[in-house]
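Residue numbers (the working numbering): 5 to 175.
Just so you know, even glycine gets a beta-carbon here, dropped at the ideal spot from N, CA and C.
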Amino acid sequence: MKDKILKEIADTVNSIEAKNYKLLASNLIKAKRVFIAGAGRSGLAGRFFAIRLRHLGIESYVAGDNPCPPIKKGDLLIAVSYTGNKKTVIHIAEKGREAGAKVLTITSDKDTPLTKLSNHTIQIPIKHSLQFSGSLFEQSALIFLDIFAEDFRRQQGISRSAMIKQHANLE
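Rendered as structure tokens:
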């Protein structure tokens, strides 16, 4: 079972279009600040990414957490949602758009209420999975975002020692 699950994760991550890495990078570079929204396990994948963005020196927040300043024009909201139908995430995206922020959604389906609110959509195409519910999406989102962060670090010339300086020291 382990090998089958690892293969479906690798196949899914490999099926994400290469242009999406550039799309995410260009939006991060343009953004003043980054806000992450998501619910459940998708939200946890987003939360991990917010932490990694901090390590990269990018001002990032998780929507609804404290502290979380108001989102404004020039900011980027990244919504991570398996279905793109979660009302709480849709509401956050609506508020972000109203405030003038750009919304980038990471989801499995390109035609949802959330993607209709988004300026950009990154699709993680999910086919049949051996796993329960949204597990394959959540795992693939986390790995995609970690791969992206490492690529971004290298492209931006951010050293590991610079990242370590941004790492929490009260653990």
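Query                                                                                                        : Result
At least 3 beta-carbon pairs within less than 8 Å: the stretch 107-116 vs the stretch 80-89                  : yes
For L108, the three-state DSSP class (helix, strand or coil)                                                 : strand
Nearest neighbour of P129, chosen from V17, R37 and R164 [CA to CA]                                          : V17
Those residues which DSSP pairs with H59 across a bridge                                                     : DSSP output for H59 lists no bridge partner at all.
Buried versus exposed, by CB contacts within 10 Å (16 or more), Q159                                         : exposed
I151 classed as buried or exposed, judged by whether at least 16 other C-beta atoms fall within 10 angstroms : exposed
Buried versus exposed call for A41 [16 or more other C-beta atoms within 10 Å across all chains shown]       : buried
Bounding residues of the beta strand (DSSP E) (the contiguous stretch that carries S30)                      : Not the beta strand (DSSP E): S30 falls in the alpha helix (DSSP H), residues K23 to K34.
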